[in-house]
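Note that the sequence shown covers residues 4 to 191 in my numbering.
Quick reminder that beta carbons are idealized off the backbone N, C-alpha and C, glycines included.
On a predicted model such as this, the values are computed, not experimentally measured, just so you know.
Structure, as structure tokens:
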Amino acid sequence: MKIQDSGMPEEKMWSKFFDPDTILQQMDFTPDFHSVVDLGCGFGTFSIPASQMIKGKIHAFDIDPDMIGQLQSKIDQQNIKNIELHLTDFITEGSGLHDNSVDYVMLFNILHHNNPHQILNEVYRILKPKAKAGIIHWRSDMTTPRGPQLDIRPKPEQCKQWANETGFAIDKELILEPYHFGIIITKI
């Protein structure tokens, strides 16, 4: 199920909105991870830098064959060996990964889906006990040069409520300047 209002701009424009290395560090991403999932990986904005930080595997999921194709080209060009691409509808079909098998999940700019609990339930299922997930999203308290319509962007309070309802603990909340907020959650 494609997430509403999730079209991607030109990659050159998209890359100006993020400093992936800094964001990953702020979102408690560490080199100790063996298995990481990027749900809605898009251009690989975070998958590629994450793959360079860990020795383990990145499972990068997207429903859009063009996004998967572009990311596959980058993986081939850069000779990256630890990203496994999944062209699948992880929202309706699940990820296909084993229960309690993942160290970290990136939920970056996807929780404006009309049923975020469905996504969070899958994340909870695949995360190891005490493992973390990072949520980032476009802020809804300001206009931004990109992102979904303001009225469908989740607020940090909503994301925390959804996470709590799914069984996660909230570790921390932060502002990721200039356009995003971040929340780190832990499976309990």
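(request) Can you tell me which of the three DSSP states P132 falls into? (result) strand
(message) Please tell me whether D67 and C44 are closer than 7 Å, where the distance is taken between their beta carbons.
(response) no
(message) Just verifying my parser: in three-state terms, what is the DSSP assignment at M145?
(response) coil
(request) Can you tell me which of the three DSSP states G72 falls into? (result) helix
(message) For S38 and T169, what's the separation of their Cα atoms in angstroms?
(response) 21 Å
(message) According to DSSP, simplified to helix, strand and coil, what is S111?
(response) The sequence as given places Phe at residue 111; Ser does not occur at that position. In the structure shown, F111 sits in a strand (DSSP, three-state: E or B).
(request) Spatial neighbours of D8 within its chain, please: CB distance less than 8 Å, with the 5 preceding and 5 following residues excluded, ordered by chain position. (result) Here D8 scores only 48 on pLDDT, less than 50, and its place in the model should not be relied on; the value that follows carries that caveat. Here the set comprises H115, P151, Q152 and I155.
(request) With a threshold of 16 other CB atoms inside 10 Å of the CB of G72, please say whether the residue is buried or exposed. (result) exposed
(request) Identify, in the order they occur along the chain, each residue of the same chain with its Cβ nearer than 7 Å to the Cβ of F20, setting aside the five sequence neighbours on each side. (result) R149 and Y182
(request) Can you give me the start and stop residues for the alpha helix (DSSP H) that L27 sits inside? (result) P23 to Q29
(request) Evaluate S76 with the Cβ neighbour count: other Cβ atoms within 10 Å of its Cβ, from every protein chain shown; 16 or more gives buried, anything less gives exposed. (result) exposed
(request) Pull up the CB-CB distance for I26 and L179, whole angstroms please, since I reckon it's below 8 Å. (result) 6 Å
(request) Spatial neighbours of W165 within its chain, please: CB distance less than 7 Å, with the 5 preceding and 5 following residues excluded, ordered by chain position. (result) P119, H120 and L123
(request) Find out if the Cβ-Cβ distance for the pair I86, S143 is shorter than 7 Å. (result) no
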